[in-house]
Each structure stands twice: as C-alpha cells, then as structure tokens.
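Respectively, the protein sequence lines represent chains B and S.
Taking my numbering, I'd label the letters of the first sequence as residues 1 to 321.
Taking my numbering, I'd label the letters of the second sequence as residues 1001 to 1321.
Below is one structure, written out as structure tokens; comments come after it.
2 protein chains.
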Amino acid sequence: MSMIVNEDIKVVDCTVRDGGLINKWKFSDGMVEAVYSSLLKSGVDYMEIGYRASEKLFDPKEYGVWRFSKEEKIRNVAGRKPDSMKLGVMVDIGRVETEDFLPKEESFVDFVRVATYLKDIAKAVEIANIVGELGYEPFINIMAISTVNEHDLAKGLEQIERDTNVTAVTVVDSYGALYPDDVKYLVELFRRVLKKKRTGFHGHNNQQLGFANTIQALQSGATFCDATVNGIGRGAGNCPMELLLAWLKNPKYNMEPILQVIQDHFVRLGKEEIEWGYIIPYMITGILNEHPRTAIALRDSERKDHYADFYRQLTTPECFK
Amino acid sequence: MSMIVNEDIKVVDCTVRDGGLINKWKFSDGMVEAVYSSLLKSGVDYMEIGYRASEKLFDPKEYGVWRFSKEEKIRNVAGRKPDSMKLGVMVDIGRVETEDFLPKEESFVDFVRVATYLKDIAKAVEIANIVGELGYEPFINIMAISTVNEHDLAKGLEQIERDTNVTAVTVVDSYGALYPDDVKYLVELFRRVLKKKRTGFHGHNNQQLGFANTIQALQSGATFCDATVNGIGRGAGNCPMELLLAWLKNPKYNMEPILQVIQDHFVRLGKEEIEWGYIIPYMITGILNEHPRTAIALRDSERKDHYADFYRQLTTPECFK
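Written out as structure tokens, the structure reads:
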C-alpha cells in the first residue's frame, strides 16, 4: 500500500478544461475560483484552466469563458501569479490563432498544451514551436491513441523529438479503451523514441481504469499525469485527482483541499447540473474503442438507460438494423 | 486491447450475496430470477446466490431470503439444476450449522465458500472439510487481507494446503485498500504456498480499482475471479461483471445478457432503493485501510456529503477531536 516517492512526477489538473466539455465551460466563477485555490493548497504542479480559442471561431454567447480562457479571466481567478503552480491552457489544431497569445512576460499563462490527432502532428509541431517562441512551455497531447497504428505513431514521435522543444508528449486514451497492458506498451514506446522529452498520460474512465492506467503509466516511465477533481470530465470522466494524490505518497501533495472542494461544489454539480462517471453507455463505447458521441446522444434522449439495446445497435452490422 | 484467452479462468458471480449486504438481502424474486437467468446466458461459471445461515442466529423477519438461501428458494429460482453454471452459497464462521446442509445429491447447491478472517483459519478449515465431506466443492475466502502480516498469512495458507481439499483460496480485499502492486505480491505469495489449490481474487471498488486489481490478479496467476452485475456490493461495490467478461475475451462469455439485466433491474435499484459505487467516504476508508462501517454510517446521516469533515474526523488523533 505504498510506493517510493518519485520526485520527477508532475501532476497536471484539467478539471475545468476537461469538465467543461460536458457543459460548454459554463461553470460559475465561484466554482472555478474554488478549484483553483484547492489545487494551489493541494500542491498540484500544473493547472490547465481551460481551452484557449479564438472568438472568431466560437460564439461567446454559446460557450462559457473557459472555452477562451482570456488573460483577464485567468487574472481574475488567480489574483496574483502563483509561485508553486504553473497555469496553462490547451489549444486545438485549427481553433487558435497566434494573436490569441500575449508574449509570455505579460501573461499569467506558463504553459500551452497542443491537443492533436496523430494525422495532424505536423500542425501540432508548428503551433508548439510558435507558443514556445513566445516563451510558453509547450506540450503536445496525442488524442485517440487507441486508434493509431504503431508505425505511424513512431514516425510522429520522431518528428516531435527532432523538431520541437516540448517538455512532454502525452498519451491520451480519449475513448477509455486501453487496458493497463496497452498503457505499458505505449508508454514504453514513447520512452524509446522520446529521448529528450518526457511522457505524460491522460486516462478516461469508461472501463473504471482511468486511475489504474495512470498508475501503470507512471510505473512504466511516464512522469506527467493528468487528473481532474472527482474525476469530472466528458462521458465517463477522468482519473480522479483525490485518488492520484493519495497514491503518490509525496508529502508535497495534500488530498484534503480536494475533498473540501468536492464537498463544497462537486456534490451539487453531479446531482443537479451535469453527469459524468461510470455509466454503461460510456463503458460500451470504451470497449468498442469508439468516440463517446453516440453514448452522449443516448444519455440526452428518452432511451438513456436502454443499455442492452444501445449495445446491440452499435454491434449489429448496418444491413441487419 | 486484447489478451490471450486463458481457459483455466473461472468467473464467480456474487451479485445477490454481496449486493445483499446493502439491503439485508431484500431483493425481489423477479430481480434474483433475472440475475440468475442473465448469468446462465452469459456463460458465467459459478453463481454464489446468497449466504447460508441458521435461522436460529438471524431473524427471518429482519433479513431477506438470501441471508439463508434455503434449498427450496434456490429451486424456485433455478427451476431445474443448471448444467453449465455451478450454484453455491457463502457461509460465515460461527453463523452456520452442519444441519443447515443437505447431502449434496439432494441439493441444487454445488459449492460452498467459507468466508473467514485469517485468525479463524482453523475454524474455516473445519467447516470446509465438513461441507467437503457432504459432497460440496469447498472454497475458502480470506477477508480483510490488507490488514494481515505475511508471516501469519503464509502459515494460514500452509494449513489450508495441508489440511483441506478446497478448490481455491480467495484473496479478499474487503476494504478496497489494495493497489495493483499489492495484489501481484499477494497472489504470488498464495501461488508459492498453495501448490495443490487455485487462487481467487475478490476486489472492492473504493479506489476505482476493483476491475484493475482483478486483471492484475489474473495476470499474476489467480484463476478464480469474483464479480457482480453492475459492480453492486456494499459500499463502493465490486468488480463489475460486464467489464470483466468483455476483458476476458473468451468466446464462451457473453456480456449482452448482463447489460440487459442492468437495463431491466439495476438502473431502478440504483436510483430508488440502494446505493453503491465510487463515493468519496468509501474512497476515504479504502485509502485508510479501514472497514467501511464509518462511511456507511455517514451515508445514512444528514452529513452524508461532508467528505472533508469525515476525512479530518478519521485522521485526527482522538485527543485533538
């Protein structure tokens, strides 16, 4: 029930960023401030507070402020730039413009994570280099990793290794399809190719493996790990921060402020407003290695609990439907 | 996302037996019949339908029928003795009498699992031998395994190895405190001592590791694994059957009937009647390696969602309370 503390391991929170995928980032200011201050107290290393995106591409009337994560909003939450926790944003390929970023010295933002599919690696490299030149610490997250072939993956990683200065490249199990064995295999592949970069892991909980796969990734050589408070996140959600901090056993982390913000904000969120966690339709898309969009649509319909019917629908060849 | 099929692995369902710990086994006949027939269709190897206990020791007015699992009740559910699935009951030390068992040839019961704490191993051996002599297939489950020292454990296992004919001895993580590493260590210890017996694993989901720990146990040499439909079970619940069958990849198993019974019965159970799953107070007792009774009491009180307060209460030395 213990492990040797590994001081190299860094914890990245993406509570607001990933949780916002459920409600279009329409969290109250009070909730985001409470998450921020609980993370600061708990000793988490990196907080990815939202997506950075151009208002030309998303309608601010439809999306909450953390779809854009403007500088002034981050300043309002943080008050002053924290010493012990780095603040950052995620950007999607094609949904951000260079002008969306200030020079680093004028910003509270420390790091930028570029989320990409493997096919778009060249674009991700370009953006990572642009934000790197602006002074931000760049990362690349490779999404939907359970759907790529390893030959292509190795080539993509070689390109990142050669052409960028990213701190880490993150294995993202977008569909919650990976088993611990798969995570070990992928992280070891990343470690072999990425000699000058670190490896991260971002799990999803479709099969109740978000936390277990994160443990496996860290035991296989990853040193960055993503988590969210109470596991909040689209669909089945993510690796829960409270479990991860308790497992890490590093005295610099403290789980108690995370429990406090769950008590104060997440109980209500989960009961009244939004849904996440182990729910059968997300389990089904996970085992089928599919995007959760069909499960999200099911949960939004009157047939939300028709699990067996949903499984038959997804697994019956079209011609028999 | 695949594994080599291991034909030696046997799946043990304990949906009604473990789930009944939440509601004193007061399930409707329709629910138990639906679970039985879905398990039969899904290819599960063993169904532990309830506890067998003496009515002298438990008041039948207070407890449902699966606290006793009388022969006629089992016959009512099964209709006829199934060919492809073994039926069994669990007994607790000191809560059962020899007269509670018919000779095997007059019974639908195939197997009996003796649940014991390590300190009571000598009594468990005695009961396992009595039911074995009556013709039943005996098992021993060692509960609260996260609290024992290994020196005592090895001696207990040696006694079982030497003095019984049990099919398997099961590692029971009653408190949901084990991490995959611990499971590997314990299963390997069991395998070293138990040369003529098989090893089983029964997980709890306090830290969202019920399924992951079951995978780990099977990959470390266990060949019996416990699960429950939708993970139902006291507190945080157990390894979910639907996840386990999907992972096993053995074509003899079919997950679809499990999804059907979840759709037909468990959605309502979870919404209206009883509670189980990843809930913070059970996570807290799990990481503290404690019995969930304090968490159960909290969930039954008005302070049910005061998670941080509960954590402080359990971790503050008495003198500071």
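Glycine included, every Cβ here is placed at the ideal spot set by N, Cα and C.
Treat the numbers as computed from the prediction; the structure is a model and nothing was measured.
- In the structure shown, residue 151/B falls within a helical segment according to DSSP collapsed to helix, strand and coil.
- Taking the Cα of residue 1304/S as reference, the smallest distance to any Cα among 1289/S, 1279/S, 1290/S and 1316/S is reached at 1279/S.
- In the DSSP annotation of this structure, the continuous segment of the beta strand (DSSP E) that includes residue 138/B starts and ends at 137-142.
- One alpha carbon belongs to residue 306/B, the other to residue 1263/S, and they sit about 6 Å apart.
- For residue 132/B, the enclosing alpha helix (DSSP H) begins and ends at 121-133.
- About 6 Å separates the beta carbons of residue 197/B and residue 168/B, which is inside the 8 Å limit, making them a contact pair.
- For residue 1046/S, the uninterrupted beta strand (DSSP E) run begins and ends at 1046-1051, by DSSP.
- Among the residues facing chain S, residue 186/B is not included, as its CB has no counterpart in that chain under 8 Å away.
- Under the Cβ criterion (8 Å, minimum of three pairs), the stretch 230-247 of chain B does not count as touching the stretch 47-63 of chain B.
- Residues of the stretch 140-166 of chain B with a C-beta less than 8 Å from any C-beta of chain S: 146, listed in chain order.
- One finds nothing in chain B with a Cβ atom closer than 8 Å to the Cβ of residue 1137/S; even the nearest lies about 30 Å away.
- Our two residues, residue 1120/S and residue 1142/S, have alpha carbons roughly 9 Å apart in a direct line.
- Taking a C-beta distance under 8 Å as the contact criterion, residue 1229/S and residue 1109/S do not qualify as a contact pair.
- Residues of the stretch 1192-1220 of chain S that bring their beta carbon within less than 9 Å of a beta carbon in chain B comprise 1205, 1207, 1208, 1209, 1210, 1211, 1212, 1213, 1215, 1216 and 1219, in sequence order.
- Rounded to the nearest whole angstrom, the CA to CA distance from residue 1159/S to residue 1150/S is 14 Å.
- With 16 or more neighbouring CB atoms inside 10 Å of its own CB, residue 1240/S falls in the buried class.
- Listed in chain order, the alpha helix (DSSP H) elements of length 4 or more contained wholly in the stretch 186-237 of chain B are 210-219.
- Annotation for residue 1310/S: the continuous alpha helix (DSSP H) segment containing it runs 1307-1315.
- Distance from the CA of residue 1165/S to the CA of residue 1225/S, rounded to the nearest whole angstrom, comes to 19 Å.
- Contact between residue 1134/S and residue 1101/S holds: CB atoms are separated by about 5 Å, below the 8 Å threshold.
- Neighbours of residue 305/B in chain S, taken as residues whose beta carbon is under 8 Å from its own, are 1263 and 1267 in chain order.
- Residue 258/B is a Cβ neighbour of residue 245/B, given a cutoff of 8 Å.
- With a cut-off of 8 Å on Cβ pairs, the stretch 1168-1177 of chain S is in contact with the stretch 1200-1215 of chain S, counting three or more such pairs.
- With contacts defined by Cβ atoms closer than 8 Å, residue 1274/S and residue 1023/S form a contacting pair.
- Under the 8 Å criterion on CB atoms, residue 275/B is classed as non-interfacial with respect to chain S.
- The C-beta of residue 1039/S comes no closer than 8 Å to any C-beta of chain B.
- With 16 or more other Cβ atoms inside 10 Å of its own Cβ, residue 91/B counts as buried.
- Separation of the CB atoms of residue 157/B and residue 218/B is rounded to 19 Å, and the pair is thereby denied contact status at 8 Å.
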